[in-house]
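Participant: Provided herewith is a single structure, encoded as structure tokens, for subsequent inquiry.
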Amino acid sequence: MIDIHPLAKVSALADIEDSVRGTRIIIGAYASVDSFVKVKPAGGNGDLIIGERSVINSGCVLYTGNGIQIGNDVAIAANCTFAPVNHAYQDKSRRINQQGFLPSRGGIIIEDDVWIGANVVILDGAILRKGCVIGAGSLVRGEVPTYAIRAGNPLRHIGWRQ
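The opening residue of the sequence shown carries number 154 in the working numbering; numbering runs sequentially from there.
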């Protein structure tokens with residue numbers, strides 16, 4: 154089910170696939186989904202909920218997987234990937250594309266007033282607390298505290314033990 158608030162702006166060039174498993178895609182009032190954003194229900198049965206006044210810029214890909222909750226007033230720059238799902242891979246006797254998925258780590262939760270820079274990858278189990286800023290090029294897979302600032306650095310993976 155796709156539910157787009159009448160006051161939301163979704164580009165005609167955005168590609169939002171409806172779920173065959175009944176998961177919901179909800180876009181709140183005054184939210185903006187730019188051209189070439191791809192929403193794909195894959196790898197789970199979680200909902201995608203985009204809060205009010207949140208902006209998703211061009212080139213972002215959101216796999217619904219185990220669910221994505223995006224709060225209000227969130228700014229997401231271009232070319233970000235949201236992947237709240239993990240492929241199973243341990244059974245060497247089976248091809249990887251036939252092993253299904255690992256259990257959920259909780260999906261992706263992005264609280265209100267978060268800024269996500271360009272080319273960020275956010276993985277299953279990530280929690281971005283209110284007001285945090287994620288620098289361009291970051292990989293996020295854990296919890297980012299309220300109002301924390303994380304600079305993009307390909308050698309530092311946010312949420313991983315260092």
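Beta carbons are placed, not taken as given, at the ideal position from N, Cα and C, and that holds for glycine.
Do you know offhand how far Ala301's Cα is from Arg247's?
Facilitator: Approximately 42 Å between the Cα atoms of the pair.
Participant: From which residue to which residue does the beta strand (DSSP E) around Thr234 run?
Facilitator: Counting along the chain, the beta strand (DSSP E) containing Thr234 begins and ends at 234–236.
Participant: Starting from the C-beta of Leu160, find all residues in its chain whose C-beta is less than 8 Å away, skip the five residues before and the five after it, and write them out in chain order.
Facilitator: Contacts found: Ala182, Tyr183.
Participant: Counting C-beta neighbours from all protein chains within 10 Å, is the total for Ser188 16 or more, i.e. buried, or is it exposed?
Facilitator: The residue in question, Ser188, is exposed, as its Cβ has fewer than 16 Cβ neighbours within 10 Å.
Participant: Between the C-alpha atoms of Gly290 and Val273, what's the straight-line distance to the nearest angstrom?
Facilitator: So the alpha carbons of these two residues sit roughly 5 Å apart.
Participant: Using a Cβ-Cβ cut-off of 7 Å (strictly less than) and excluding sequence neighbours within five positions of Tyr155, which residues of its own chain qualify?
Facilitator: Correcting the residue type first, residue 155 is Ile in the shown sequence and not Tyr. If we look at Ile155 and ignore the five residues flanking it on each side, its Cβ neighbours are Ile169, Asp171, Ile178.
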